[in-house]
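Heads up: the sequence shown begins at 1031 in the working numbering, then just goes up one per residue. Built from N, CA and C at the ideal position, the CB exists for glycine as well. Since we're looking at a predicted model, the values are computed, not measured. A short worksheet on the structure shown next.
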Amino acid sequence: GGLKPFRLKRPVLAAARAGPESLAMASEKDMPSLRTISPADVEQEDFEPVEPQARAQALEILNEVKEKGEEGLLRIARKFGEIKENSSTFVLGKEELKAAFDALPEEQQGVLTRTAKRIRSFAEAQRDSIKSMEVDIEGGRAGQTVEPVRRAGCYAPGGRYPLPSSVLMTAVTARAAGVAEVVVASPNPAEVTKAAAYVAEADCLLAIGGAQAVGAMAYGVGVKACDIIVGPGNKWVTAAKSIVNGICGIDMLAGPSEVLVVADSSADPEVIAADLLAQAEHDVEARPILVTPEQSVIDSVNVALKRQLAELPTRDVAIPAVGKGFAVLTKDIDEAVVVTNRLAPEHLEVQTKDAVELSKRLTAYGGLFIGKFAAEVLGDYGAGPNHVLPTSQTAKYTGGLSVHTFQRKNTWMRIDDQAAAQQQISDSVILARLEGLEGHARAAEKRLLASK
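As structure tokens, then:
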């Protein structure tokens, strides 16, 4: 047998990275548009965070990495074409990362350093929002300490496009949290990806990806085992993270990208279409969604979307993503709010005439972008808030990556005055016996003054 390469094919050629002039325009009439569904139909859409087949495939890879160590990891990496058949090198050190940065044009160096600074500034403000503290309790003191994990693994996708922004978002945030050792993993890393790892002060970069990279960081193959693994990825990365969760921590299940735009007739259909396609080009599994109470908005957005898609160099990826997307026609803006909160999208844009007020009613999302000028892509590229966000409706119970992801909030207590603590000790004895835990009750009774 042996493992089959599970990575999605790469329909986007070098032309997709070169610019609009490098790919001939397709026929507009052949382009797909968003299908329209009702609010009731939303329940039928599949938002399973972990695809069962991807999980089975990821588990097979993880088991090989776990059981065969570096030998298994190298075999898989060679099969995926991540390292050459005659090579065993997959860990890049600080010197190589620095060399990549030094070789970049000055303009690109500036972009990376400025973006890192914006991310770091926001992350440090987040860090300062939760601190160690202590308070009085009966007979003593209790408190909380905030400490970073020791070692973090930061995944950055690299299958279709180099994503230095994801390197910065994860590794800069880990450093801002105080993490001592930061490992970045990204398959077939471009020079700009290596440079971003240097700017983010990563200790090393694993030039592998997929479930095998998650396994290496979780089980300590090629690097020391990480305490937490973070970052976005395809469905196999997401599945692998779900499997190793418990062996180490994970940030969230951040799978293929999603964007939902809530709009009314005051919005510009050209802007909405551009924002939907910006996410659609990420991955054939990405999902662009429009929610509106007006059929005319859906019609005008679809016209703009088809025209823009025909001209998009990355349309080979975006076309199937548009096919996965949809528009929800609601009876009014109130129902649009209900539907949006139910979908809990990764990226949520509000393009309505009362965007600020309407946003206050939206409760479940990874990142919120309010008004026409708050383009989601500004969040992608380092306005400040993190772009690693929960997908597949998991924003109902968790938020995006932050310094808090890398921190442990540990609590402690001490009793200095036994007499002043007698009431809480007595209450503990009673509660223990109500629960049938006599050993608990007797342990508490040892602290009662009457027991002396």
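Check, Outcome
"Cβ-based neighbour list, K1059, same chain, cut-off 7 angstroms, excluding 5 preceding and 5 following", "none"
"Counted within 10 angstroms of its Cβ, other Cβ atoms place F1403 as buried (16 or more) or exposed", "exposed"
"Whole-angstrom distance between R1472 and G1173, CA atom to CA atom", "26 angstroms"
"Neighbourhood of A1462 by C-beta, 7 angstroms cutoff - its chain only, sequence neighbours within 5 removed", "H1470, A1471, A1474"
"With 16 other Cβ atoms within 10 Å as the buried cut-off, status of M1163", "exposed"
"Euclidean distance between Cα positions of G1049 and E1341", "Below a pLDDT of 50, predicted positions are generally treated as unreliable, and G1049, at 45, falls in that range; the measurement from the model is reported next regardless. Answer to the nearest angstrom: the Cα atoms are 11 angstroms apart."
"Residues that DSSP places opposite D1166 in a beta bridge", "R1171"
"Whole-angstrom distance between P1194 and G1276, CA atom to CA atom", "28 angstroms"
"9 angstroms Cβ cutoff met for F1399 and E1376", "no"
"Test item: CB-CB of A1215 and L1198 under 9 angstroms", "no"
"Burial state of D1362 (16 or more Cβ within 10 Å)", "exposed"
"Straight-line Cα distance separating Y1411 from E1051", "At E1051 the pLDDT is 42, less than 50, meaning the model places this residue with poor confidence and gives no usable figure here."
"Per-residue burial, S1296 [other beta carbons within 10 Å of its own, 16 or more giving buried]", "exposed"
"Length of the line joining the Cα atoms of S1068 and P1219", "42 angstroms"
"Ordered list of beta strand (DSSP E) runs contained in the stretch 1111-1185, each at least 3 residues", "1121-1123, 1163-1167, 1170-1178, 1181-1185"
"E1073, buried or exposed, once every other Cβ within 10 Å from all chains shown has been counted against 16", "exposed"
"Straight-line Cα distance separating P1420 from Y1427", "9 angstroms"
"DSSP-derived helix/strand/coil call for Q1423", "coil"
"Alpha-carbon spacing of K1124 relative to E1081, whole angstroms", "36 angstroms"
"Nearest candidate by alpha-carbon position, reference S1057, set I1349, A1186, Q1454, A1413", "I1349"
"Run of the beta strand (DSSP E) containing I1319, from where it starts to where it stops", "1317-1322"
"Proximity below 9 angstroms, CB of A1226 to CB of L1142", "yes"
"Rounded separation between N1264 and E1154 - CA only", "29 angstroms"
"Reduced DSSP category for E1379 - H, G, I as helix; E, B as strand; rest coil", "strand"
"With 16 other Cβ atoms within 10 Å as the buried cut-off, status of E1357", "For the sequence presented, residue 1357 should be read as Ala rather than Glu. Buried is the call here."
"Element boundaries [alpha helix (DSSP H), containing L1089]", "1082-1109"
"Among E1324, A1084, A1310, the one whose alpha carbon lies nearest that of K1336", "A1310"
"Rounded C-alpha distance that separates V1369 from G1429", "19 angstroms"
"For F1356, three-class secondary structure by DSSP", "strand"
"Inter-residue spacing [alpha-carbon to alpha-carbon] between S1389 and L1478", "54 angstroms"
"Terminal residues of the beta strand (DSSP E) in which L1290 lies", "1288-1293"
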